[in-house]
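S.K.:
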Amino acid sequence: MQQINVVISGFDHYDGIDVNPCLEVPRALAEQGLGPAADDRFDDPLGDVRVNIRTVAIPVSFAKAWPTLRAAIEESHPDIVIATGLKHAARGVLLERCATNLMDSARPDADNATPRSGPIDPDGPAAYWTRLPLRSILKDFTRDGIPSSLSSDAGTFVCNSLFYNLLNWTATQEHVLSGFVSFPKVVDDRKTQHGLPLDQQIQAGRDVVRETVRYLRCPSSADILIG
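In full-length UniProt numbering, the protein residues as written are 1 to 227.
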């Protein structure tokens with residue numbers, strides 16, 4: 001049986017957020033696993049795969065976020081790394097397409113630090129595209145009734161800085177996939193304007209991991225969607 005190691009990170013605290021999907025979704029996936037394929041008309045393509053999921057809580061800190069994730073990566077030697085964040089005003093789950101080489105924030109991070117506007121890596125490229133199979137993930141979201149959309153970028157705060165550093169590292173690896181997913185607030189009402197119930201967000205997390213594992217095993221250009 002093939003073993004695939006997955007690291008899923010989430011930021012550890014957001015002011016005013018009692019239920020943090022960035023912690024709850026990875027924790028649920030690690031404890032409950034991915035479950036069977038949603039469509040039982042076909043054999044599960046991951047039936048002969050053991051997926052080990054490790055979670056890591058990341059401080060909302062420009063200085064500490066990437067080193068914290070990097071330490072977990074070096075310990076776990078993952079095949080897939082999925083970073084997650086929270087977008088307060090989002091209606092559904094957002095798949096981040098691009099990480100830009102820019103830090104620019106007027107508000108301080110958790111360390112009360114406000115970095116000067118400038119590149120994350122002065123020697124790095126202007127941007128990186130995600131390595132996740134966005135098209136197939138969105139198909140699963142549609143099948144499962146999960147409101148979702150593509151996001152052009154993860155902003156210029158700590159989320160983007162972590163995403164850029166992650167993709168910068170991934171560019172040096174031969175067989176590692178990585179990307180960033182932004183969750184909305186956790187709400188009880190499925191019809192509310194902003195946010196989704198936690199169970200839907202957990203299912204979204206399963207879809208992201210399952211499709212990325214499948215793509216890792218059988219790459220196809222049909223699974224990729226950038227624009």
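Ideal Cβ placement from N, Cα and C applies to all residues, glycine included. Just so you know, these numbers come straight off a predicted model, no measurement behind them.
Which one or two residues does DSSP pair with Ser178 in a beta bridge?
M.R.: Answer is Val81.
S.K.: With Asp99 and Ala154 assumed to form a contact (beta carbons below 8 Å), what rounded beta-carbon distance in angstroms separates them?
M.R.: Residue 99 is actually Ala in this sequence, not Asp. About 6 Å separates the two Cβ atoms, so the contact holds.
S.K.: What residue from Thr142, Gln2, Ser105 and Glu96 has the CA that sits closest to Gly85's CA?
M.R.: Nearest of Thr142, Gln2, Ser105 and Glu96 to Gly85, Cα basis: Glu96.
S.K.: Is it buried or exposed, Thr55, if we count other Cβ atoms within 10 angstroms and call 16 or more buried?
M.R.: With 16 or more Cβ atoms within 10 Å of its Cβ, Thr55 is classed as buried.
S.K.: Would you check if the stretch 175-195 and the stretch 105-122 touch, i.e. whether three or more CB-CB distances between them fall below 8 Å?
M.R.: No, the stretch 105-122 is not in contact with the stretch 175-195.
S.K.: In terms of DSSP beta bridges, what is Asn52 paired with?
M.R.: According to DSSP, Asn52 bridges with Asn5.
S.K.: Count the CB pairs spanning the stretch 136-147 and the stretch 68-86 that are closer than 8 Å, and state whether there are at least three.
M.R.: Verdict: no, contact absent.
S.K.: May I have a chain-ordered list of the beta strand (DSSP E) segments no shorter than 3 residues that lie completely inside the stretch 7-36?
M.R.: If we require 3 residues or more, the stretch 7-36 turns out to have no beta strand (DSSP E) run fully inside it.
S.K.: Return yes when the Cβ of Gln201 is within less than 7 Å of the Cβ of Pro21, no when it is not.
M.R.: Yes, they are a contact pair.
S.K.: Within this structure, are the beta carbons of Asp109 and Thr156 separated by less than 7 Å?
M.R.: No, they are not a contact pair.
S.K.: Rounded to the nearest angstrom, what separates Phe163 and Asp48 at their Cα positions?
M.R.: In a straight line, the C-alpha of Phe163 is about 30 Å away from that of Asp48.
S.K.: With a Cβ-Cβ cutoff of 7 Å, do Asn5 and Asp79 count as a contact?
M.R.: For Asn5 and Asp79, yes; Cβs fall inside 7 Å.
S.K.: On the three-state DSSP scale, how would you describe Asp207?
M.R.: Helix.
S.K.: Is it buried or exposed, Glu211, if we count other Cβ atoms within 10 angstroms and call 16 or more buried?
M.R.: It is buried - the Cβ of Glu211 has at least 16 other Cβ atoms within 10 Å.
S.K.: On a CA-only basis, which of Trp169, Gln2 and Pro59 is nearest Asp15? Give me that one, please.
M.R.: Among Trp169, Gln2 and Pro59, the Cα nearest to that of Asp15 belongs to Pro59.
S.K.: Considering Thr100, what are the terminal residues of the beta strand (DSSP E) in which it resides?
M.R.: Here the beta strand (DSSP E) through Thr100 covers Cys98 to Thr100.
S.K.: For Leu150, which residues from the same chain have a beta carbon less than 7 Å from its beta carbon, with the 5 sequence-adjacent residues on both sides left out?
M.R.: Correct list, in chain order: Leu95, Arg97 and Leu134.
S.K.: According to DSSP, is Leu162 part of a helix, a strand, or is it coil?
M.R.: Correct three-state label for Leu162: helix.
S.K.: Residues bridged to Ser152 by DSSP?
M.R.: DSSP output for Ser152 lists no bridge partner at all.
S.K.: Determine the burial state of residue 265: buried for a count of at least 16 other Cβ atoms within 10 Å of its Cβ, exposed for fewer.
M.R.: The shown model of the chain, from 1 to 227, leaves out residue 265, and the question about it has no answer.
S.K.: Using the Cα positions of His88 and Pro147, report the straight-line distance between them to the nearest angstrom.
M.R.: Those two C-alpha atoms are separated by around 15 Å.
S.K.: Roughly how many angstroms lie between the CA atoms of Val7 and Asn165, to the nearest whole one?
M.R.: Computed Cα separation, rounded: 15 Å.
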